[in-house]
Amino acid sequence: LVFLVFAVTRRALPGAVLPDRARAFHRDEELRIAVFVVLALALVLTARHWLAAVGEGEAEGLRTALRAFWARLFTLGSFLSTAGYVSADWAEAFEWSGLGPPALLLAGLAMIGGGVATTAGGIKLLRVLALYRQGRHEVERLLDPALVAGGGARARHLRSDGAYLAWVAFMLFVLSLCAGIAALALAGLRFEPALLLTISALSTTGPLAITAGAADFEWAGLGTGPRAILGVVMVLGRLELLAIVALLVPESWRR
483 LVFLVFAVTR
493 RALPGAVLPD
503 RARAFHRDEE
513 LRIAVFVVLA
523 LALVLTARHW
533 LAAVGEGEAE
543 GLRTALRAFW
553 ARLFTLGSFL
563 STAGYVSADW
573 AEAFEWSGLG
583 PPALLLAGLA
593 MIGGGVATTA
603 GGIKLLRVLA
613 LYRQGRHEVE
623 RLLDPALVAG
633 GGARARHLRS
643 DGAYLAWVAF
653 MLFVLSLCAG
663 IAALALAGLR
673 FEPALLLTIS
683 ALSTTGPLAI
693 TAGAADFEWA
703 GLGTGPRAIL
713 GVVMVLGRLE
723 LLAIVALLVP
733 ESWRR
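Here's what the structure looks like:
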């Protein structure tokens, strides 16, 4: 988990030049979001599976619950950072409760991704935060049209220009996702495997297709056409599409 922090926040990188470098590390917004999301989901999944095991009369005590919690904590954090590593106790935790792995949850974490300016893929945590704050601000304005939002210059920038750029990046991600699914469907794949494979490639989380999909799935088992499509999708997911679009807009060029 310690090494996964490098994929969650760019402030963990040594030598990184940041305008707010003097800011305390524990106050980093991306890190706090990641910790909250992973802890909350791990607790909810462990409690849900514990109740299911108790209902089946198969609860094995606190030690088993703690191992299951650690397996979920590590695996969820790994998929949020788009590393895709799976704990050794991940499969055993689901056998203990009798419930299947949360495929959509893992896919959603991979789509959110890690921190901005890190090696992680996905939409990125800071963009998700900008969209959330802008959405919350709009709802508050519906309740009180005379509302004046505060929070300082950084918060205002995140709600305005930051939210606009985050929305553009989100739409580019969704359009790439839809295009990848459509291309795989034309290549003969069903919707569910096409969805998981496209998310796996676009977020550069290779193990997602195996962990959230069929247990006997192998990338080598795909045909040449689907593999070529997924290769293109993976390149799109690795590139910063927002920067590429900015390069193609003449108004953004500096003469």
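Just remember that the numbering used here sits 482 ahead of the position in the sequence shown, which is counted from 1.
Ideal placement from N, C-alpha and C gives every residue a C-beta, glycine not left out.
Quick one: what's got a C-beta closer than 8 Å to residue i's C-beta in the same chain, skipping five residues either side?
i	result
Ala592	Phe561, Leu562, Thr564, Gly566, Gly603, Gly604, Ile681, Ser682, Ser685, Thr687, Leu690
Val650	Leu724, Val727
Ile515	Leu607, Val610, Leu611
Leu671	Leu679, Pro708
Met716	Ala683, Leu684, Thr686
Ser658	Leu684, Val715, Leu718, Gly719, Leu723
Asp571	Arg549, Ala550, Trp552, Ala553
Are the CB atoms of residue j and residue i within a distance shorter than 8 Å?
i	j	result
Arg492	Ala524	no
Leu548	Val520	no
Ala665	Ile594	no
Ile663	Leu677	yes
Thr738	Phe673	It is not possible to answer for residue 738, since the shown part of the chain is limited to 483 through 737.
Tell me, to the nearest whole angstrom, how far the beta carbon of residue i is from that of residue j; I am working on the premise that it is less than 8 Å.
i	j	result
Gly597	Val490	5 Å
Leaving out the 5 sequence neighbours to the left and right, which residues in its chain are closer than 7 Å to residue i when beta-carbon positions are compared?
i	result
Thr528	Ala547, Ala550, Phe551, Arg554
Gly644	Ala612
Val714	none
Ala648	Arg609, Ala612, Leu613
Leu588	Phe561, Leu690, Thr693, Ala694
Phe652	Ile605, Arg609, Leu613
Phe556	Leu483, Ser569
Sorted by chain position, which residues of the same chain lie with C-beta nearer than 6 Å to residue i's C-beta, five sequence neighbours on each side aside?
i	result
Leu729	none
Subject >> Segments of 4+ residues assigned as alpha helix (DSSP H) that fall wholly inside the stretch 684–722 >> reply: You should have 690–693, 706–720.
Original post:
Can you give, in chain order, each stretch of the alpha helix (DSSP H) that sits fully within the stretch 551–623 and has at least 4 residues?
Top reply: 572–579, 585–594
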